[in-house]
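Below is one structure, written out as structure tokens; comments come after it.
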Amino acid sequence: MTMQQTHTAAVDDPIFEVRDVSVSFDMDRGESRVLDRVDMDIERGEILGVVGESGSGKSMFASALLDAVVDPGVLTGDITFDPEDGPRIDLLDRDETDIKDIRWRQIAMVFQGAMSSFNPTMSIEAHFRETLSVHDYDVEAGMERARRLLSELYLEADQVLDSHPHELSGGMSQRALIALALVLEPEVLVMDEPTAALDLLMQRSIIELIREIADERDLTIVFITHDLPLVANLADRLAVLYAFEFVEVGPSDEVLTGAKHPYTRALLNATPNLDTPREEMRPIEGAAPDPVNVPEGCSYHPRCPVADDTCVREDPPLTDDGDDHAAACHHVDRVTEEVPLTLQEVTVDE
Amino acid sequence: MNDETVVSLENVEVHFESEGSILPFGGDSEVVQAVDGVSLDIPENDVVALVGESGCGKTTLGKTAIGTQRPTGGAVKYKGQDVWKANDGEGDVQIPFEEIRQSLQIIHQDPGASLNPNKTVQHSLEAPLKLRHGEMDTFERRERIHEMLSRVGMEPPEDYAKRFPHQLSGGEQQRVALIRALLMNPDLILADEAVSALDVSLRIDMMDLMLDLQDTFDTSFLFISHNLSNASYIAGKADGRIGIMYLGELVEIGPIDEVLNDPQHPYTKALMWATPNLNPKADDGGSSPLRKIDVPDPRNPPTGCKFHTRCPEAREACTGEMPDAMDLGSGHEVACYRADDGHDYWSSPELADEGDELTGTVDESTAD
């Protein structure tokens with residue numbers, strides 16, 4: 012069996028090819044690299060769940076996909092976007108006007124906290140009309156689409172359109188924002204913690220709605236969250252970020268039941284979950300690294316029970332064994348035994 | 018009354034007047050029933066988790082339990098002493114209000130905001146010691162604070178004691194807030210979404226710490242969360258209880274495993290459906306069991322059982338009166354007619370869907 016280095020993790024028709032992408036900030040204490048030379052392919056039409064704890068670089072990954080890293084952050088590398096109709100676009104090689112047009116028209120985004128995304132002095136309808144006309148869409152046809160989208164999201168279209176943002180509850184405005192992001196019929200929707208401030212029931216309901224909309228429209232969704240269970244059953248594939256790098260990527264079921272990276276396994280064991288026996292849950296020892304001072308070698312080695320000298324010296328690449336499930340670990344073969352998955356044991360027992 | 022009970026809530030009501038004037042709808046001042054007729058006893062060394070959606074009144078109920086929110090009806094008692102009668106000096110006051118307030122502490126969701134940014138950890142933690150242990154000198158206080166910091170894993174304590182809140186991580190700030198509450202030797206700590214702001218992987222650690230200290234300090238916890246997984250973890254490990262709140266009412270309460278293994282209220286079942294599960298096989302993948310996604314306006318709650326507008330099991334009988342809590346044995350209580358085999362509910366017709374002018378949602382059944 013030959014270990015092969017892979018960028019793709021078995022993606023056939025990538026809509027995004029992310030290569031060697033870094034985001035860095037100059038700080039008094041030194042250069043802070045908040046995304047460290049990551050590669051990622053995103054399959055057309057898939058839901059990719061990007062999971063990471065605070066300070067793992069997950070929001071930077073979202074901003075990078077939109078070429079929207081804010082100053083003084085510096086974004087380097089290559090991101091190729093391949094829309095369904097139209098030529099491939101080298102995203103980081105475009106000027107700001109081009110990029111603005113690609114954003115929303117082709118790559119839309121929904122962030123946490125809809126309230127701050129809406130202008131409080133404008134009605135929801137005015138937001139839709141403005142978005143449509145700025146991007147030269149047929150406004151009336153677009154408003155028809157908006158009404159349809161809103162009712163698909165279980166909102167009373169006319170009433171919501173007439174409202175101002177403060178008149179809607181958190182869940183309603185978050186759904187209105189999703190409708191606004193979809194009204195230009197983008198191919199990709201990037202969502203950064205879109206349900207974070209919402210209640211459990213609303214979160215789950217919105218997740219179901221996102222799943223239906225993605226199915227219906229062949230939408231590619233990048234769903235970024237710190238909440239692994241939330242995205243676990245939504246995403247087709249899961250990508251796990253630790254210390255500004257992807258440490259694991261693979262089909263959701265495989266990552267959940269057979270995670271290959273010690274960090275992913277520790278994270279699964281540390282996540283409060285109704286099905287995991289409480290006595291078996293374990294916190295992850297140690298703390299996440301400071302972006303100015305990321306450990307040499309494998310960045311997880313100070314916290315890893317499997318780590319040895321190799322891990323201290325060499326940063327393992329993200330590799331797979333020819334299947335579509337990749338991990339960045341020198342000791343993938345030993346991990347299953349040394350970091351047992353508590354939930355997995357239970358389900359196997361049953 | 019059981020003399021082991023620390024806090025006892027008796028038919029507590031908290032109604033707020035809301036002035037509708039800035040908002041375009043409404044008009045006259047309206048009453049929000051934040052908490053409505055809740056009774057709950059919290060014994061010594063117990064953990065009770067309260068779970069519900071935002072606006073269900075769980076925080077208001079929690080604040081009422083620790084004597085920082087005055088109820089508009091019913092009574093709150095601390096070891097048998099009516100908290101607000103003590104405050105007003107009414108009747109024969111056995112326990113002074115000051116002492117009650119010191120015995121009932123709180124840790125908030127946002128520890129950054131609850132610590133004074135201009136005070137070092139040492140400085141913040143000295144205040145409760147001065148209050149509770151006037152006899153301690155500076156040296157003894159420093160010793161005690163260092164001991165507590167080591168205890169919660171903040172090593173070396175000399176270093177952490179000198180830091181300001183902004184030099185601590187969120188988890189460390191929350192630990193300091195927990196120590197500060199514990200140094201008051203409280204009988205009950207209200208932990209209001211105390212782990213919700215922490216990273217998923219840090220939550221177990223923080224909850225384990227709370228349980229560990231609960232043992233040592235003989236403290237009860239009232240743990241408030243919108244997250245069933247967290248509530249299940251902390252209440253489960255402590256062999257405690259869980260209470261489910263909906264629009265100001267306690268709709269189900271009981272020993273944690275009993276409630277989770279055999280939920281009786283349709284709302285509890287809906288919360289369990291909504292709780293994400295890491296087990297791919299456990300996911301039913303089904304669509305929402307709720308008839309409506311949005312919570313009704315609390316200023317204008319539905320009549321009868323307040324959940325009937327969203328409840329998948331609702332029948333005509335549910336629109337009449339609010340069901341009383343039924344005791345199912347072993348402390349498991351539920352307020353739902355379905356728990357009563359002989360109730361008219363079972364012969365009552367299913368609820369026809371009605372329009373909803375206020376929350377403006379389309380019922381799932383009609384939207385399909």
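Here the protein sequences line up with chains F and C, keeping their order. For the first sequence, this note's numbering gives the first residue as 12, with consecutive numbering after it. For the second sequence, this note's numbering gives the first residue as 18, with consecutive numbering after it. In this text, a Cβ means the ideal position worked out from N, Cα and C, and glycines have one as well.
Could you check where the alpha helix (DSSP H) with Leu426 (chain C) kicks off and where it finishes? Residue coverage of chain C in this structure runs from 18 to 385, which leaves residue 426 (chain C) outside it and unanswerable.
So if I threshold CB-CB distances at 9 Å, which residues from the region 293-314 of chain F count as touching chain C? When CB distances to chain C are screened at a threshold of 9 Å, the residues of the region 293-314 of chain F falling below it are Arg293, Pro294, Ile295, Ala298, Ala299, in chain order.
Pull up the DSSP beta-bridge partners for Ala66 (chain C), would you. C:Phe240, C:Ile259.
Grab me the residues of Gln139 (chain C)'s own chain with a C-beta within less than 8 Å of its C-beta, minus the 5 sequence neighbours each way, in chain order. Result list for Gln139 (chain C): Arg159, Ile162, Ala178, Lys179, in chain order.
What is the DSSP secondary structure of Lys94 (chain C), counted as helix, strand or coil? Secondary structure of Lys94 (chain C) (DSSP, three-state): strand.
For Pro302 (chain F), does the count of other Cβ atoms within 10 angstroms reach 16, so buried, or fall short, so exposed? Pro302 (chain F) is buried by the Cβ-count criterion.
Taking the beta carbon of His342 (chain F) as the centre, do at least 16 other beta carbons fall within 10 Å, making it buried, or is it exposed? Answer is buried; the Cβ neighbour count reaches 16.
Bridge partners of Asp58 (chain C), per DSSP? As DSSP reads the structure, Asp58 (chain C) sits in a beta bridge with C:Ser25.
Return helix, strand or coil for Gly43 (chain C), following the three-state DSSP convention. Only weak support is given to the placement of Gly43 (chain C): the predicted model assigns it a pLDDT of 49, under 50, and the value that follows is read from those uncertain coordinates. Secondary structure of Gly43 (chain C) (DSSP, three-state): coil.
At which residues does the beta strand (DSSP E) containing Gly269 (chain F) begin and terminate? Segment 263-269 is the alpha helix (DSSP H) holding Gly269 (chain F); no beta strand (DSSP E) there.
Do we get a CB-CB distance below 7 Å when we pair Thr282 (chain F) with the residues of chain C? The Cβ of Thr282 (chain F) sits closer than 7 Å to at least one Cβ of chain C.
Neighbourhood of Cys315 (chain F) by C-beta, 8 Å cutoff - its chain only, sequence neighbours within 5 removed: Close CB contacts of Cys315 (chain F) within its chain, under the 8 Å cut and outside five residues either way in sequence, are with Pro273, Tyr274, Cys309, Cys322 (chain order).
Could you pull the DSSP bridge partners for Leu59 (chain F) from this structure? According to DSSP, Leu59 (chain F) bridges with F:Val233, F:Arg248.
Does the distance from the C-beta atom of Leu143 (chain F) to that of Val150 (chain F) stay below 7 Å? Going by C-beta atoms, Leu143 (chain F) is nearer than 7 Å to Val150 (chain F).
In three-state DSSP terms, what is Val31 (chain C)? Strand, per DSSP.
Cross-strand partners of Arg10 (chain F) (DSSP beta bridge): Examination of residue 10 (chain F) is not possible in this model, given that chain F is present from 12 through 361 alone.
Would you say Pro316 (chain F) reaches chain C, if we count a Cβ-Cβ gap shorter than 7 Å as a contact? So, not an interface residue.
Work out the CA separation of Val64 (chain C) and Glu275 (chain C) for me, nearest whole Å. Taking the straight line joining both Cα atoms gives about 15 Å.
In the region 226-245 of chain F, which residues sit with their C-beta less than 7 Å from some C-beta in chain C, listed in chain order? Residues His237, Asp238, Leu239, Pro240, Leu241, Ala243, Asn244.
Based on Cα-Cα distance, which residue from F:Val233, F:Ala192, F:Asp112 lies nearest to Val61 (chain F)? Val61 (chain F) has its Cα closest to that of F:Val233, out of F:Val233, F:Ala192, F:Asp112.
Glu175 (chain C) classed as buried or exposed, judged by whether at least 16 other C-beta atoms fall within 10 angstroms: If you draw a 10 Å sphere on the C-beta of Glu175 (chain C), you find fewer than 16 other C-beta atoms in it, and that means exposed.
Would a C-beta distance cut-off of 7 Å place Ser33 (chain F) and Thr87 (chain F) closer than the cut-off? Contact: yes.
Would you check if the distance between the CB atom of Val242 (chain F) and the CB atom of Leu76 (chain F) is smaller than 7 Å? No; because the gap between Cβ atoms is not below 7 Å, this pair is not in contact.
Count the other C-beta atoms from every protein chain shown that fall within 10 angstroms of the C-beta of Leu148 (chain C), then say buried if there are 16 or more, exposed otherwise. Burial is judged here by how many other beta carbons sit within 10 angstroms of a residue's own beta carbon; Leu148 (chain C) has fewer than 16 and is exposed.
Determine, for Glu64 (chain F), whether the minimum Cβ-Cβ distance to residues of chain C falls below 7 Å. For Glu64 (chain F), the answer is yes, since a Cβ of chain C falls inside 7 Å of its Cβ.
Does the Cβ-Cβ distance between Phe139 (chain F) and Ala157 (chain F) come in under 7 Å? Closer than 7 Å, so yes.
Round the Cβ separation of Leu179 (chain F) and Ala187 (chain F) to the nearest angstrom and send it over; I've been treating them as touching at under 8 Å. Contact flag correct, Cβ pair sits at about 6 Å.
Are the beta-carbon atoms of Glu217 (chain C) and Thr282 (chain F) separated by less than 7 Å? It should be pointed out that residue 217 (chain C) corresponds to Val in this sequence rather than to Glu. It is a contact, given that the beta carbons lie within the stated cut-off.
Is there a C-beta anywhere in chain C that falls below 7 Å from the one on Leu252 (chain F)? Judged by the 7 Å Cβ criterion, Leu252 (chain F) is not in contact with chain C.
Apart from the five residues just before and just after Ser249 (chain C), which ones in its own chain have a Cβ nearer than 8 Å to its Cβ? Once the five neighbours on either side are set aside, the close Cβ partners of Ser249 (chain C) are Ala66, Ile259, Ile273, Leu277.
If we count Cβ pairs, one from each stretch, closer than 8 Å, do we get three or more for the region 99-116 of chain F versus the region 289-303 of chain F? Contact annotation: the region 99-116 of chain F does not touch the region 289-303 of chain F, with fewer than three C-beta pairs closer than 8 Å.
Sorted by chain position, which residues of the same chain lie with C-beta nearer than 8 Å to Met224 (chain C)'s C-beta, five sequence neighbours on each side aside? If we look at Met224 (chain C) and ignore the five residues flanking it on each side, its Cβ neighbours are Val212, Asn247, Tyr250, Ile251, Lys254.
Between the Cα of Ser304 (chain C) and those of F:Asp104, F:Arg222, F:Met183, spot the shortest distance and give me the residue it belongs to. Checking every option, the nearest Cα to that of Ser304 (chain C) belongs to F:Arg222.
In chain order, what are the residue ranges of uninterrupted alpha helix (DSSP H) at least 4 long that sit wholly in the region 112-180 of chain F? The alpha helix (DSSP H) runs lying completely inside the region 112-180 of chain F and spanning 4 residues or more are 125-128, 135-145, 150-163, 168-173, given in chain order.
Opposing strand residues paired with Ser43 (chain F) [DSSP bridges]: Assignment of beta-bridge partners to Ser43 (chain F) by DSSP yields F:Phe36.
For Val346 (chain F), three-class secondary structure by DSSP: Residue state, collapsed to three classes: helix.
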